[in-house]
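Novice:
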Amino acid sequence: MNTREQKLQAFDRLLTIMDELREQCPWDKKQTMQTLRHLTIEETYELGDAILENDLEEVKKELGDVLLHIVFYSKIGSETGDFDIADVCNNICEKLINRHPHIYGDVKVTSEEDVKRNWENIKLKEGKGKTSVLEGVPKGLPALVKASRIQDKVAGVGFDWEKTEQVWEKVQEELGELQAEVKINDQDKMESEFGDVMFAMVNYARFLNISPENALERTNKKFIGRFQYLEGKAKELGKELKEMTLAEMDVFWEEAKQAQ
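First residue of the sequence shown? That's 1 in UniProt numbering, and the numbers climb one at a time after it.
(1) Leaving out five residues before and five after Lys75 in sequence, what residues of the same chain have Cβ atoms less than 6 Å from its Cβ?
(2) Rounded to whole angstroms, what's the CA-CA distance from Val154 to Glu243? Just pull it up for me.
(3) I need the straight-line Cα distance from Asp196 to Glu174, nearest angstrom please.
(4) Out of curiosity, what's the CA-to-CA distance linking Thr32 and Ala215?
(5) Along the chain, which unbroken stretches of the beta strand (DSSP E) at least 3 residues long are found entirely within the stretch 141 to 208?
(6) For the stretch 198 to 207 and the stretch 132 to 149, state whether three or more C-beta atom pairs, one from each stretch, are separated by less than 8 Å.
(7) Report yes if the CB atom of Pro101 is closer than 9 Å to the CB atom of Asn90, and no otherwise.
(8) Check whether the stretch 80 to 87 and the stretch 97 to 112 touch, using three or more Cβ-Cβ pairs below 8 Å as the test.
(9) Could you pull out every unbroken alpha helix (DSSP H) segment of at least 4 residues lying fully inside the UniProt domain "NTP pyrophosphohydrolase MazG-like" (31 to 103), listed in chain order?
(10) Between Arg218 and Leu47, which are expected to be in contact by the criterion C-beta below 8 Å, what is the C-beta distance as a whole number of angstroms?
(11) Which residues mark the beginning and the end of the alpha helix (DSSP H) in which Gln258 is found?
(12) Could you round the C-beta distance between Ala180 and Tyr229 to whole angstroms and report it? I think they count as a contact, below 8 Å.
(13) Drop a sphere of 10 angstroms on the beta-carbon of Asn185, count the other beta-carbons inside from all chains shown, and report buried for 16 or more, exposed for fewer.
If you want it as structure tokens, here you go:
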């Protein structure tokens, strides 16, 4: 592994390259925070994919792409005189020190939950004019991620179930309410109850220390792998999938499961 000095040299090298690109490259010179935004989101998702695949070589590469964007935004900020990379680093340092009073102050904690509760309370005090812990949840988050963040935040201030069993009972209760609406066939109420089931399941995942986003994406990838195996086998037989029976497809599906 690299020494602290080597790490600082590497970061300095990146800053120098960013300066040169901003001055000399036609594409880099044109970029603004607005034009970079969608690219940053894309790079973040690519990093997430690499983490799910546990491809550490790819994680390293994608972290570099994300770091480049941080440096890029900071360079643009320095050009407008609003902030630079030092301000960004110092800001997060001060935030971390302030939100870890059990490390940098005299607050005592006995568990991870104590730390999370302190974190949310401190964030609420830091917020300018904020009156709710939920104001910190970005509106543009995907619904599944947003549900998870909402539950984390309210749990951080003590609004939470006491036992995992209670959460599972809530899931079952919501499933029962969904089934009742399915029997009535009221589309609007079915959608509402389905949302309640998903929200309860996200909460249950939190108690099991499972990321619902990661869990669902793992299933997505698993399904894609099995279906593509099925497509490959159909092609070997010279058939279209729509020409195969469900029983025929199930044979290859089971083969794919065993292969995985």
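No residue lacks a Cβ here, since even glycine has one placed at the ideal position from N, Cα and C.
Specialist: In terms of the structure at hand:
(1) Cβ neighbours of Lys75 beyond the five flanking positions: Met18, Arg22.
(2) One Cα belongs to Val154, the other to Glu243, and the distance between them is close to 52 Å.
(3) So the alpha carbons of these two residues sit roughly 6 Å apart.
(4) If I take the Cα positions, the gap works out to 35 Å.
(5) Segments of the beta strand (DSSP E) lying fully in the stretch 141 to 208: there are none.
(6) Touching, yes, given that three or more Cβ pairs across the two stretches are closer than 8 Å.
(7) No, these two residues do not count as a Cβ contact at 9 Å.
(8) The stretch 80 to 87 vs the stretch 97 to 112: no contact.
(9) Along the UniProt domain "NTP pyrophosphohydrolase MazG-like" (31 to 103), the alpha helix (DSSP H) occurs as fully enclosed runs of 4 or more residues at 33 to 52, 56 to 79, 85 to 99, listed in sequence order.
(10) 16 Å between Cβ atoms; not a contact.
(11) Note, Gln258: alpha helix (DSSP H), 246 to 259.
(12) With 8 Å as the limit, Ala180 and Tyr229 do not qualify as a contact, their Cβ atoms being about 39 Å apart.
(13) Burial call: exposed.
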